[in-house]
Structure formats: C-alpha cells, structure tokens
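Numbering (my numbering), first residue to last: 1 to 387.
Beta carbons are placed, not taken as given, at the ideal position from N, Cα and C, and that holds for glycine.
Read through the structure below, which is laid out as structure tokens, and then see the notes.
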C-alpha cells in the first residue's frame with residue numbers, strides 16, 4: 001500500500017484527526033497525532049454532536065467502533081422542542097419520536113464531544129497522541145516535512161495531514177484560501193440545570209430551538225446536565241470587539257440580551273444571569289464554495305481546516321469524519337500509483353461534497369435568521385422530524 005514504510009503526522013486531535021488515526025492504525029500505518037492541548041483533560045469540549053448514517057456513523061463502523069459508540073451515546077438527546085420568543089412550544093417530538101434505530105435514514109444519535117473524544121483516544125495505540133504539541137511551522141525535508149512545535153520539539157513526517165481546525169496553521173502551506181465570515185454571531189454560554197430550573201424543566205434532556213424577530217436561541221443539554229446555549233444573531237464580524245461587553249460579567253451580558261432581544265420572554269433571562277462565565281462570542285465562518293488548490297504529494301487537509309462551515313445543518317463534524325473515511329480508502333486503494341494521485345482524487349471528491357454541505361448550511365443559516373424563520377422551521381420539523 002502507498003502508506004507502507006512512511007511516517008504520517010496528523011496535526012489536530014479532534015474527531016477527524018483521531019478517527020483517521022484509528023483507521024490508519026487498523027492498516028498498520030506509522031502515524032502520530034500532534035495535539036496542542038496539554039493533555040486530554042486540558043479543556044472542556046463543546047456542544048454535543050449528532051452522528052449521521054452515511055458520514056459520522058459510517059466512519060465509526062469502518063473504525064470498528066460502532067458497538068462502543070452505542071454504549072456511549074445519549075439516547076433521547078435528539079428530542080427537540082421548537083418554540084417562539086415567548087417560550088410557547090409549537091413543535092415537540094418528545095412523545096412521538098420513534099425508537100432508537102441504528103441504520104434508519106433519519107436517526108441521528110447524539111454524543112457529547114468529550115465521550116466521543118475519549119472513545120477515539122482509547123481505541124489508539126499507546127503514545128499515538130503527542131500532547132502539548134502546538135504547531136508553529138514546518139519546512140521541507142527529504143520528501144516530507146520537518147514540523148516544529150511551541151515546546152521546542154520537532155518531528156519529521158513523510159505525509160502531513162492538517163486537522164487543526166478553521167484557523168489552521170498548516171493550510172497556508174497548501175493554499176491561500178481563507179474562511180469568509182457568514183454574517184452570524186453565536187454567543188455561547190453554559191448554565192447548570194439547578195440555576196435554570198424553568199428551562200431545564202422544558203428541555204428534558206433534549207434540545208430547544210427558539211425563533212423570533214430574526215434572532216435565535218439554540219440549546220442542548222449535556223451529559224452532566226448542564227445546558228449549553230447560544231444566542232444567534234446577525235451582526236458585523238467585529239461585533240465582539242465593538243460591543244464593549246465584558247463577557248465575564250453575566251449581569252452585563254444579561255442587560256445586553258434584554259436590549260438585543262427586547263421582545264423575548266423573561267423566562268430566557270435565567271440562562272444569562274446564571275451562566276458560568278465567560279460567555280464566548282463565536283463569529284461563524286465558511287470556506288468559499290469554489291475553492292481549489294494544486295495537490296501535493298506530502299500534505300493534505302481535512303475537517304474544518306479544509307472546509308469549515310456554519311453549524312446550521314449539523315454537517316461539520318460528520319463531514320470531517322467522512323473525510324477520514326474517504327482519505328484512508330484512497331490511501332489504501334491499490335489503483336493509485338502514487339500518493340499524489342490518491343490525495344488528488346480524495347481532495348476533488350472532498351471539496352465537491354463539502355461545498356454542497358456548506359451551501360446547505362449557509363442557506364439554513366439565512367432562513368433561521370430571517371423574518372420568516374419560525375414559519376420555515378415549523379414546516380421543516382413537521383415534515384422531516386416526524387419521519
């Protein structure tokens with residue numbers, strides 16, 4: 001195989017990088033994952049993920065981890081309430097959701113990022129992940145690259161795979177393509193269920209999506225009971241800097257919410273006044289739909305490093321894990337004579353597929369922040385979610 005007798009470096013230990021490492025080790029490849037976190041406990045992982053049948057779940061099947069996933073995912077976490085700004089429930093599938101059915105077209109089981117990451121980490125050989133490896137730069141050496149890290153260490157690899165996220169430091173070695181701001185800011189907060197009793201009683205372990213006046217509140221309950229929520233709205237890209245807000249001051253953020261969301265019911269206030277600071281403003285980006293670059297034989301991109309997209313179709317992590325699945329299939333396909341041929345076909349397919357998912361995510365984002373968002377989302381949920 002093309003990966004025999006070469007060293008492979010994956011930079012970034014998220015779902016995409018770890019899934020690829022697992023798949024490579026099943027093919028006896030020599031692979032290391034270089035992760036900037038000091039250790040696996042270094043930071044709290046973000047919002048839960050829903051896995052899709054033909055992408056995230058397909059990658060887990062190929063990695064021989066589906067049965068372990070079934071022990072780890074959160075049954076019922078995809079239950080959804082659709083509400084207006086007055087917290088009136090206009091759609092609920094809490095009593096009508098079909099039984100959990102792996103293999104069903106519309107079943108999208110949820111898993112917290114932390115347990116997913118731990119499951120993938122535990123599937124790898126010892127010392128596969130090199131922690132505290134904050135990538136700084138790399139330079140050509142032999143047929144590959146010599147990578148340099150912030151801690152003063154260096155490592156050689158014949159093939160470098162960038163899985164280091166939307167602001168990838170490796171992408172510029174391959175392409176000048178940069179993410180473009182989508183027009184949407186998502187202000188992230190976390191609150192314990194004890195400090196948001198009214199919302200906690202409503203959410204009941206699932207999700208809430210509230211729409212009104214071209215603005216949203218999107219939230220889900222984590223495995224530990226905490227409520228992760230986002231105030232999602234259109235604003236300038238530099239809103240966080242120009243707002244003058246102290247995002248570590250819950251009272252200030254609550255006052256901002258009252259001003260920005262004046263039509264919204266007071267029930268939402270308990271999220272903001274009791275949140276665990278700091279809030280995190282997240283401008284939402286997307287890669288250009290028509291991006292391209294010249295394939296190289298010793299470097300490629302995957303996940304957000306290749307095709308960051310808005311979260312409004314739930315495709316980001318799934319596309320990233322599908323990247324891992326398709327990349328390993330190309331690298332181990334004997335129909336290619338060289339790494340460059342295999343990588344080229346992977347990149348062509350990946351860019352085409354990711355552009356379609358990104359377009360859908362951008363369109364969904366526009367609909368979700370429009371004056372008719374509530375009507376549009378109700379129609380969607382009543383036709384799609386009941387299947």
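Asked                                                                                                                                                                                            : Found
Please confirm whether residue 73 and residue 122 have their CB atoms less than 9 Å apart.                                                                                                       : no
For the segment 178-194 and the segment 229-236, state whether three or more C-beta atom pairs, one from each stretch, are separated by less than 8 Å.                                           : yes
Give me, in chain order, the residues of the same chain whose beta-carbon lies closer than 6 Å to that of residue 386; leave out the 5 immediate sequence neighbours on both sides.              : Any reading at residue 386 needs caution, since the residue's pLDDT is 47, under 50, leaving its predicted position unreliable; the model's value is listed next. So no residue of the chain qualifies.
CB-CB under 8 Å to residue 214, same chain, minus the five flanking residues each way: which ones, in chain order?                                                                               : 233, 234, 369, 370, 371 and 373
So, is residue 181 buried or exposed, given that buried needs 16 or more other C-beta atoms within 10 angstroms?                                                                                 : exposed
Alpha helix (DSSP H) containing residue 260: first to last residue?                                                                                                                              : 250-260
Kindly give me the distance between the Cβ atoms of residue 253 and residue 286, rounded to whole angstroms, as I take these residues to be in contact under 8 Å.                                : Wrong, their Cβ atoms sit about 26 Å apart, outside the cutoff.
Name the one or two DSSP bridge partners that residue 221 has.                                                                                                                                   : 227
Would you kindly report the start and end of the unbroken beta strand (DSSP E) that includes residue 269?                                                                                        : Note, residue 269: premise wrong, no beta strand (DSSP E); alpha helix (DSSP H) at 269-273.
In the DSSP assignment, the beta strand (DSSP E) including residue 141 goes from what residue to what residue?                                                                                   : 135-141
Per the DSSP calculation, residue 188 is bridged to which residue(s)?                                                                                                                            : 230 and 280
Identify, in the order they occur along the chain, each residue of the same chain with its Cβ nearer than 6 Å to the Cβ of residue 107, setting aside the five sequence neighbours on each side. : 101
Looking at C-alpha atoms only, which residue of 38, 124, 297 and 77 is the closest neighbour of residue 64?                                                                                      : 124
Of the choices 33, 290 and 352, whose alpha-carbon is the least far from that of residue 157?                                                                                                    : 33
At what residues does the beta strand (DSSP E) containing residue 243 begin and finish?                                                                                                          : Note, residue 243: premise wrong, no beta strand (DSSP E); not H, not E.
Do residue 81 and residue 202 have their C-beta atoms closer together than 9 Å?                                                                                                                  : yes
On the DSSP letters alone, give me the boundaries of the beta strand (DSSP E) that residue 30 sits inside.                                                                                       : 30-34
Using only alpha-carbon positions, find the residue among 312, 316 and 378 that is nearest to residue 363.                                                                                       : 312
Counting only runs that start and end within the segment 49-96, where is the alpha helix (DSSP H) found for 4 or more residues in a row?                                                         : 56-62 and 66-72
Would you kindly work out how many angstroms separate the C-alpha atoms of residue 136 and residue 35, rounded to a whole number?                                                                : 12 Å
Can you tell me the Cα-Cα spacing of residue 339 and residue 331, whole angstroms?                                                                                                               : 7 Å
Using the Cα positions of residue 193 and residue 84, report the straight-line distance between them to the nearest angstrom.                                                                    : 21 Å
List the endpoints of the continuous beta strand (DSSP E) containing residue 159.                                                                                                                : 159-162
Near residue 376, what residues of its chain come up, given a Cβ to Cβ distance below 6 Å and the 5 sequence neighbours on each side ignored?                                                    : 367
Can residue 327 and residue 174 be called in contact, C-beta distance under 9 Å?                                                                                                                 : no
Can you give me the C-alpha to C-alpha distance between residue 15 and residue 164, rounded to a whole angstrom?                                                                                 : 11 Å
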